[in-house]
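Here is the structure we will look at, set down as structure tokens.
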Amino acid sequence: MPLDNIGYLFQAFLVINLEDFDFPLSDDRIAKYPAKNRDESKLMVVQRKSGKITISPHFRNIADWLYPSDHIFYNETRVSKRRVYLETKNQDRIHETIFIESRDSQYWNCLVRNSKKLKLGDILFSPVQKLEFIVFEKREKDIVLKSNITILEEFFDQEGNIPIPPYLKRKSEPIDDIRYQSIFSEGKAANSIAAPTASLHMSYELRKNLIEKGIQFHPLHLEIGFGTFQPIYDEDIIKKKLHKEKIFISPDTAIAHSLASENKERRIALGTTTLRSLEAMYRTSLDIRSGWEGETDIFLTPDDTIDTIDGLITNFHLPKSSLLLLVSAFAGSELIMESYKLAIENDFTFFSYGDAMLIVD
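Those letters in the sequence shown? Residues 761 to 1121, by my numbering.
Right, dumping it as structure tokens:
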């Protein structure tokens, strides 16, 4: 390793040690299925200034902690059915495939299970239409598949499955088609590989009640990639960069955020993808009120200062994950790790279908 990299590594470890964000979690603490109703998950409220932690039996009680003047910013993205079980010609082998991104709708970067059994030129077939996919290129972390036709979202609707997270250790079921989508994604184009999971707690009734209370909702759009499930390494901390994700923030949402800031009204981010989007806009845009569209690889860690929000609604995340570091950047590492310990002691469930946390001052 070059000497300058060693210096950066030493500097990074002075600030962040991933081991500080590790915690034991038994398998039964991972929610394999969603709560019966969206707003019936448990809620933990963490107050940054006082350090007080309050446990509430249901997420819908979040209304008690929100003010009529609050603004909730949310990610409206919809999950695409990008998990397809491709078959060999004689159907003697099935390769579970996640279609990550396309170059021109015919060449796709994919994660393929049992990819070592494939060689260049091999042909896989889709289960319903029997469309051909040629193994065009094998790379270190993924495979490039070439289709014989243009692949559009209609293909995934017919052939694919909702790509629920790998830690659920099961195949997707009909309930996931509904509950692994947020209510905000209805009618939107499907272009994400994972859900903005904090939004999964929001029910139509709860949203209606919050709006009647005076709370305003503002959409933005971040396409969530499969990188959200990938582990992070010391090198990521050094570079302060993660996987790239596409973001669109309309002028209306940008203006609403700017006005809320000027009027000292609380800006609540519904989910970490929303926080990442707002931070990306403010760190790169020269004219905030015009909105913003672009890509970000921003990696927010506890040594960062976050000024774009006054509150965060989020789930309980994986140990040593980028999302846990991001939440710690907003609330402080010690307080977050204390709250996670308390969550485990009080039988909270974790990850995508698990319980929720509200962080406010």
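Even glycine gets a Cβ: it sits at the ideal position worked out from N, Cα and C. The structure presented is a predicted model; accordingly, all values stated were derived computationally and were not measured.
Proximity to residue i [Cα-Cα], best of the options
{"i": "residue 883", "options": "847, 817, 778", "result": "847"}
{"i": "residue 1021", "options": "814, 943, 962, 1038", "result": "1038"}
{"i": "residue 850", "options": "870, 890, 820, 1052", "result": "890"}
{"i": "residue 1081", "options": "1019, 1015, 1104, 992", "result": "992"}
{"i": "residue 1035", "options": "1018, 1078, 982, 1097", "result": "982"}
{"i": "residue 1000", "options": "881, 1063, 858", "result": "1063"}
{"i": "residue 852", "options": "1072, 923, 887", "result": "887"}
{"i": "residue 782", "options": "916, 1101, 802, 965", "result": "1101"}
{"i": "residue 1055", "options": "1040, 1068, 913", "result": "1040"}
{"i": "residue 968", "options": "795, 799, 1098, 776", "result": "799"}
CB contact flag (residue i, residue j, <8 angstroms)
{"i": "residue 960", "j": "residue 939", "result": "yes"}
{"i": "residue 1111", "j": "residue 790", "result": "yes"}
{"i": "residue 838", "j": "residue 949", "result": "yes"}
{"i": "residue 787", "j": "residue 1093", "result": "no"}
{"i": "residue 1013", "j": "residue 979", "result": "yes"}
{"i": "residue 958", "j": "residue 1116", "result": "yes"}
{"i": "residue 1027", "j": "residue 831", "result": "yes"}
{"i": "residue 944", "j": "residue 834", "result": "yes"}
{"i": "residue 915", "j": "residue 953", "result": "no"}
{"i": "residue 903", "j": "residue 875", "result": "yes"}
{"i": "residue 1071", "j": "residue 1019", "result": "no"}
{"i": "residue 976", "j": "residue 955", "result": "no"}
{"i": "residue 840", "j": "residue 1025", "result": "no"}
{"i": "residue 858", "j": "residue 923", "result": "yes"}
{"i": "residue 860", "j": "residue 871", "result": "yes"}
Buried versus exposed call for residue i [16 or more other C-beta atoms within 10 Å across all chains shown]
{"i": "residue 811", "result": "exposed"}
{"i": "residue 919", "result": "buried"}
{"i": "residue 1050", "result": "exposed"}
{"i": "residue 996", "result": "buried"}
{"i": "residue 823", "result": "exposed"}
{"i": "residue 899", "result": "exposed"}
{"i": "residue 802", "result": "buried"}
{"i": "residue 1133", "result": "Here the chain has residues from 761 to 1121 only, and residue 1133 is not among them."}
{"i": "residue 1053", "result": "exposed"}
{"i": "residue 820", "result": "buried"}
{"i": "residue 935", "result": "exposed"}
{"i": "residue 836", "result": "buried"}
{"i": "residue 1113", "result": "buried"}
{"i": "residue 817", "result": "exposed"}
{"i": "residue 880", "result": "exposed"}
{"i": "residue 814", "result": "exposed"}
{"i": "residue 971", "result": "exposed"}
{"i": "residue 1108", "result": "buried"}
{"i": "residue 774", "result": "Low confidence applies to residue 774: its pLDDT is 44, below 50, so where it sits in the model is not reliable enough to give any reading."}
{"i": "residue 1103", "result": "buried"}
{"i": "residue 947", "result": "exposed"}
{"i": "residue 1002", "result": "buried"}
{"i": "residue 974", "result": "exposed"}
Residue i Cβ short of 7 angstroms to the ligand COA heavy atom set
{"i": "residue 1089", "result": "Among the ligands in the structure shown, none appear at all, so the ligand COA cannot be discussed."}
- Query: Should the region 1082-1097 be called in touch with the region 1052-1063, which here means at least 3 C-beta pairs below 8 angstroms?
  - Reply: Inter-segment contact for the region 1082-1097 and the region 1052-1063 is present: three or more beta-carbon pairs are separated by less than 8 angstroms.
- Item | Whole runs of the beta strand (DSSP E) within the region 916-993, excluding any shorter than 3 residues | If only complete runs of 3 or more residues are kept, the region 916-993 shows the beta strand (DSSP E) at 950-952, 976-982, in order along the chain.
- Message: Using 8 angstroms as the cut-off, can you tell me whether the region 849-869 makes contact with the region 899-912, which would need three or more C-beta pairs spanning the two stretches below that distance?
- Response: Under the 8 angstroms Cβ criterion, the region 849-869 counts as touching the region 899-912, having at least three qualifying pairs.
- Item | beta strand (DSSP E) runs contained entirely in the region 833-899, provided each spans 3 or more residues | DSSP runs (the beta strand (DSSP E)) wholly in the region 833-899: 843-847, 854-862, 867-872, 883-885, 892-898.
- Message: I want to know whether the region 795-812 touches the region 1005-1012 - three or more CB-CB distances under 8 angstroms.
- Response: Look at the beta carbons and you see the region 795-812 not touching the region 1005-1012: under three pairs across the two are nearer than 8 angstroms.
- Enumerate, from N- to C-terminal direction, the unbroken alpha helix (DSSP H) stretches of 4 or more residues contained entirely within the region 1031-1092. Runs of the alpha helix (DSSP H) inside the region 1031-1092: 1032-1044, 1082-1091.
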